[in-house]
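Reading through the structure tokens given below for one structure.
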Amino acid sequence: MRALISDTAGRSITWPKRTALAVALAALCLLLFLPGFFSLPPMDRDEARFAQATRQMLESRDFVDIRFQGEARHKKPVGIYWMQSAAVTLAGGPEQTAIWAYRLPSLIGATVAVLLTFWVGSSLFGPVAGFIGAVMLAGTVLLGVEARTAKTDAALFATILAAQGVLASIWLRRDMRDGLGLGSVLLFWTALGVGILLKGPIILLVTGGTVLWLSVAQRGIGWLAPLRPKLGLSVMLALVAPWLILITIKTNGSFFAESVGHDMMAKVAGGQESKGFPPGYYTLLFPVTFWPWSLLALPAFPWVWNNRRDPAVLFCLAWIVPSWLVFEAVPTKLFHYILPTYAAFALLTARAVLDGFGKARPWLTGTANALFAVTALTLTGAMAALPIMVEKRFDPLSILLALVTLAVLAYGVVLYRREWLRRSVAALTAGAFGLYLLAFQVVFPQLETIWLSPRIAEAVERVRPCPDSVLVSAGFTEPSLVFLTGTGTVLTGDGAAAAKALAGDACALALVDQRQNQAFLDQAVVDNIQPVPTATISGFNYSRGRSLVLSLYRR
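Residues 1 to 555 (UniProt numbering) are what the sequence shown spells out, left to right.
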């Protein structure tokens with residue numbers, strides 16, 4: 001490793017200063033990611049499913065198989081469940097019902113991803129560009145959402161960045177005779193192994209696409225020799241193979257049939273889970289998911305094109321283009337799929353900012369300004385209006401914070417138009433913080449109408465006739481309800497089944513949607529019981545897009 005790292009402007013930065021910048025980035029990540037981290041209830045459906053499966057892993061002490069209640073969860077590997085299990089154990093154990101403990105791997109993964117972006121960017125474009133690119137990545141909407149969500153993508157992003165950082169190192173030194181240190185070799189292959197345990201082949205798609213693009217440009221694969229593939233593959237297999245063998249034995253091979261044959265192939269063949277969209281979906285979402293930096297990213301395109309043969313720029317293009325094309329081509333599209341490319345976008349944008357964008361096209365700048373303004377007004381306006389629209393409640397704090405956020409963002413745009421670009425980055429980061437504070441800390445946690453499961457859990461705790469009372473829910477079957485009321489909670493779409501359960505267990509409670517209420521009461525007559533209504537919970541099920549009125553009954 002070098003004692004000094006020099007950027008393209010010829011300035012140098014010492015290791016103590018680099019460490020100080022890394023600490024500043026970590027602090028910035030906490031500032032941007034912590035609003036809402038503790039106060040947002042469990043979100044349906046993915047987050048609640050991941051968290052509940054982790055809890056059951058801890059309850060059963062079975063760290064091989066993955067289950068949500070009695071249903072096998074064989075769509076994804078085990079890595080995130082192990083990470084969440086470790087975090088929850090440190091936070092108090094499986095009885096821990098606070099969702100923040102399950103979110104810790106995502107918070108750590110997102111923060112590590114930002115720090116690794118600084119590392120990769122320092123290698124490619126110098127430490128100043130690396131730092132600015134890391135700041136940009138931390139401020140994006142997409143990473144902010146993933147850092148607060150207890151699922152795989154933020155942790156996976158960190159492993160991808162670790163692997164890409166090693167690739168960048170050997171790419172930039174491909175014409176030199178010095179080899180790659182053993183630590184870097186182990187980092188690359190360990191990152192691949194952990195990434196596979198987190199989300200299967202996705203990490204191989206990103207790194208493989210990068211390698212393929214660069215190998216075509218280099219007209220050969222000799223530049224990869226420093227990775228020592230024989231040693232590396234052994235390390236990767238040592239990480240991945242034990243669990244794959246155990247889960248294959250435990251499930252008689254059904255894990256691969258489900259994860260590869262059903263889940264992955266279904267996504268490739270057609271839109272899965274009503275998430276099918278045509279190519280161009282991610283491009284259209286980019287001004288929102290990369291916000292607020294879409295203001296700077298679009299004018300940076302001419303600079304990127306003009307410098308496309310530069311080795312560092314070429315590396316970033318190899319990182320972005322193959323993965324982007326594949327994700328756009330696959331019919332199943334979820335907005336977070338494209339996250340692995342956002343570090344490269346941030347670094348290219350940062351380098352272009354430092355170079356003053358070169359010859360930015362006026363129409364690109366105008367388009368970027370318009371998209372930025374529309375997105376900023378829509379997001380902040382929606383946050384200010386949601387309490388009024390959803391709960392008919394006037395919230396002065398959300399309106400005030402929305403106005404302050406817009407003022408800071410407008411100041412950032414003014415700085416940008418005056419070509420004070422570094423100051424503009426600082427102001428836009430502050431504006432992004434204002435939006436995330438508004439959305440995740442002030443508005444969303446207070447919208448009781450959309451958080452049905454926490455209110456149901458509170459009602460159950462108040463009226464349960466026995467310490468081990470089981471809840472049977474007819475018509476409201478969201479995973480967050482299981483997470484908050486216990487693994488034994490029974491989910492059904494049949495009101496009659498809820499009445500039968502109540503008749504068979506004097507300690508049971510029944511939660512019945514009004515659409516199932518008549519069937520529930522009719523079956524109660526047949527079973528000769530008189531259910532006693534104890535609470536009524538009304539609200540909006542955002543997963544299904546419909547209003548609900550739920551009644552809680554006991555014997």
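Ideal placement from N, C-alpha and C gives every residue a C-beta, glycine not left out.
Notebook entry, point to check: Per DSSP, which one or two residues make a beta bridge with Asp46?
Noted result: To locate residue 46, count along the sequence shown from 1; it is residue 46. Partner(s): none; Asp46 has no beta bridge.
Next item on the list: Using the DSSP secondary-structure output, state which residues sit across from Pro533 in a beta bridge.
Entry: One-based indexing of the sequence shown puts residue 533 at position 533. Answer is Tyr553, bridged to Pro533.
Margin query: Checking 7 Å against the spacing of the C-beta atoms, do Leu379 and Leu435 come in under that value?
Written below: Along the sequence shown, read from residue 1 onward, the residue named residue 379 stands at position 379. Along the sequence shown, read from residue 1 onward, the residue named residue 435 stands at position 435. Their beta carbons are under 7 Å apart, which means Leu379 touches Leu435 by this criterion.
Next item on the list: Report yes or no: do the segment 129-147 and the segment 325-344 share at least 3 C-beta pairs separated by less than 8 Å?
Entry: Because the criterion of three Cβ pairs below 8 Å is met, the segment 129-147 and the segment 325-344 touch.
Next item on the list: Return yes when the Cβ of Val206 is within less than 7 Å of the Cβ of Ile160, no when it is not.
Entry: By one-based count along the sequence shown, residue 160 stands at place 160. By one-based count along the sequence shown, residue 206 stands at place 206. Against a cut-off of 7 Å, the Cβ pair of Val206 and Ile160 comes out as a contact.
Item checked: Given 8 Å, three or more beta-carbon pairs between the segment 440-460 and the segment 471-484 -> Contact between the segment 440-460 and the segment 471-484 is present, because at least three Cβ pairs lie under 8 Å.
Next item on the list: Please report how far the alpha carbon of Arg309 lies from the alpha carbon of Leu244, in whole angstroms.
Entry: Here residue 309 is taken as the residue at index 309 of the sequence shown, counted from 1. Here residue 244 is taken as the residue at index 244 of the sequence shown, counted from 1. About 41 Å.
Next item on the list: Starting from the C-beta of Ser551, find all residues in its chain whose C-beta is less than 6 Å away, skip the five residues before and the five after it, and write them out in chain order.
Entry: Translated into the one-based positions of the sequence shown, residue 551 becomes position 551. Val512, Pro533, Thr536, listed in sequence order.
Next item on the list: Kindly indicate which three-state DSSP category Arg2 falls into: helix, strand or coil?
Entry: Along the sequence shown, read from residue 1 onward, the residue named residue 2 stands at position 2. In this prediction, Arg2 has a pLDDT of 34, which is less than 50 and means its spatial position is unreliable; nothing more can be read from the coordinates.
Margin query: In the DSSP output, which residue or residues are listed as bridge partners for Phe540?
Written below: Here residue 540 corresponds to residue number 540 of the sequence shown, with the count starting at 1. Answer is Ser547, bridged to Phe540.
Check: With 16 other CB atoms within 10 Å as the buried threshold, where does Leu116 fall?
Finding: In the sequence shown, the residue the question calls residue 116 occupies position 116. When all chains shown are included, Leu116 counts as buried.
Notebook entry, point to check: Any idea what DSSP makes of Tyr139, helix, strand or coil?
Noted result: If you number the sequence shown from 1, residue 139 lands on position 139. With the sequence shown as reference, residue 139 is identified as Gly, and Tyr is not the correct amino acid for it. Helix.
Next item on the list: Would you be able to state if there are at least three C-beta pairs under 8 Å between the segment 465-476 and the segment 512-526?
Entry: By the Cβ rule, the segment 512-526 counts as touching the segment 465-476, because three or more pairs are nearer than 8 Å.
Next item on the list: Give every residue of the same chain whose Cβ lies closer than 6 Å to the Cβ of Thr375, excluding the five residues on either side of it in the sequence, and list them in chain order.
Entry: Position 375 of the sequence shown holds residue 375. Pro287, Val288, Trp291, listed in sequence order.
Notebook entry, point to check: Going by alpha carbons, who is nearest to Pro279 out of Ser234, Leu246, Glu328?
Noted result: Here residue 279 is taken as the residue at index 279 of the sequence shown, counted from 1. Minimum Cα-Cα distance from Pro279 among the listed residues Ser234, Leu246, Glu328 corresponds to Glu328.
Notebook entry, point to check: Span of the beta strand (DSSP E) holding Leu511?
Noted result: As a first step, residue 511 must be located in the sequence shown, where it is residue number 511. Note, Leu511: beta strand (DSSP E), 509-513.
Notebook entry, point to check: Got a sec, what are the start and stop residues for the alpha helix (DSSP H) Thr289 sits in?
Noted result: Numbered from 1 along the sequence shown, position 289 holds the residue referred to as residue 289. Counted as a single uninterrupted DSSP element, the alpha helix (DSSP H) harbouring Thr289 occupies residues 281-289.
Check: Cα separation between Val216 and Ala110?
Finding: Here residue 216 is taken as the residue at index 216 of the sequence shown, counted from 1. Here residue 110 is taken as the residue at index 110 of the sequence shown, counted from 1. Taking the straight line joining both Cα atoms gives about 31 Å.
Next item on the list: Give a yes or no on whether the C-beta atoms belonging to Pro16 and Glu59 are separated by under 7 Å.
Entry: For the purposes of this step, residue 16 is identified with residue 16 of the sequence shown, where counting begins at 1. For the purposes of this step, residue 59 is identified with residue 59 of the sequence shown, where counting begins at 1. Contact annotation: Pro16 and Glu59 have beta-carbon atoms that are not nearer than 7 Å.
Notebook entry, point to check: Is the distance from the Cβ of Ala312 to the Cβ of Leu124 below 7 Å?
Noted result: As a working mapping, residue 312 is identified with position 312 in the sequence shown. As a working mapping, residue 124 is identified with position 124 in the sequence shown. For the pair Ala312 and Leu124, the CB atoms are nearer than the 7 Å cut-off.
Note to self: Taking its Cβ as the centre, do 16 or more other Cβ atoms sit within 10 Å of Pro465, making it buried, or is it exposed?
What the structure shows: For the purposes of this step, residue 465 is identified with residue 465 of the sequence shown, where counting begins at 1. Classification of Pro465: exposed, given that the 10 Å Cβ count is below 16.
Note to self: Quick test of the definition: if touching needs 3 or more C-beta pairs under 8 Å, does the segment 538-550 touch the segment 483-500?
What the structure shows: The segment 538-550 is not in contact with the segment 483-500.
Next item on the list: Reducing DSSP to helix, strand and coil, say where Trp15 ends up.
Entry: For this step, residue 15 is matched to residue 15 along the sequence shown. Helix at Trp15.
Checklist line | the segment 128-141 in contact with the segment 21-39 per 3-pair CB rule at 8 Å | finding: Yes, the segment 128-141 is in contact with the segment 21-39.
Note to self: With H, G and I counted as helix, E and B as strand and the rest as coil, what does DSSP make of Gly276?
What the structure shows: In the sequence shown, counting from the first residue as 1, residue 276 sits at position 276. In the three-state reduction of the DSSP assignment, Gly276 falls in the strand class.
Margin query: At the level of alpha carbons, what is the spacing between Met176 and Ser184?
Written below: As a working note, residue 176 is residue 176 in the sequence shown. As a working note, residue 184 is residue 184 in the sequence shown. If I take the Cα positions, the gap works out to 16 Å.
Notebook entry, point to check: Can you list, in chain order, the residues of its chain whose CB lies under 6 Å from that of Tyr553, leaving out five sequence neighbours each side?
Noted result: Indexing the sequence shown from 1 puts residue 553 at position 553. Excluding positions up to five away in sequence, the list reads Ala510, Pro531, Pro533.
Next item on the list: Have a look at Asp178 and Leu187 and give me their C-alpha separation to the nearest angstrom.
Entry: Along the sequence shown, one-based indexing puts residue 178 at 178. Along the sequence shown, one-based indexing puts residue 187 at 187. The straight-line gap from Cα to Cα measures roughly 18 Å.
Check: Run through DSSP, which three-state label would Ala9 get?
Finding: The count along the sequence shown starts at 1 and reaches residue 9 at position 9. With a pLDDT of only 42 at Ala9, under 50, the local geometry of the prediction cannot be trusted, and no value is derived from it.
Next item on the list: Can you check the segment 358-394 for any beta strand (DSSP E) of at least 3 residues that lies completely inside it and give the ranges in chain order?
Entry: You should have found no qualifying run.
Check: Under the DSSP definition of a beta bridge, which residues are partnered with Leu124?
Finding: Translated into the one-based positions of the sequence shown, residue 124 becomes position 124. For Leu124, DSSP assigns no beta-bridge partner whatsoever.
Check: Over what stretch of residues does the alpha helix (DSSP H) that includes Ser259 continue unbroken?
Finding: Taking the sequence shown and counting its residues from 1, the one referred to as residue 259 is at position 259. For Ser259, there is no enclosing alpha helix (DSSP H), as DSSP marks it with neither H nor E.
Check: Is it buried or exposed for Asp522, if we count other Cβ within 10 angstroms and need 16 for buried?
Finding: Here the question's residue 522 lines up with position 522 in the sequence shown. The residue is exposed, with fewer than 16 neighbouring Cβ atoms inside 10 Å.
Next item on the list: Could you say which of Phe301, Ala402, Trp420 lies nearest to Thr367 if we only look at CA atoms?
Entry: Mapped onto the sequence shown, residue 367 falls at position 367. Nearest of Phe301, Ala402, Trp420 to Thr367, Cα basis: Phe301.
Notebook entry, point to check: Residues bridged to Ser473 by DSSP?
Noted result: For the purposes of this step, residue 473 is identified with residue 473 of the sequence shown, where counting begins at 1. Ser473 pairs with Leu491, Leu511.
Notebook entry, point to check: Rounded C-beta distance between Thr487 and Arg55? I'm assuming under 8 Å.
Noted result: Counted from its first residue, the sequence shown places residue 487 at position 487. Counted from its first residue, the sequence shown places residue 55 at position 55. Between Thr487 and Arg55 a beta carbon distance of about 7 Å is seen, short of the 8 Å cut, so the two are scored as contacting.
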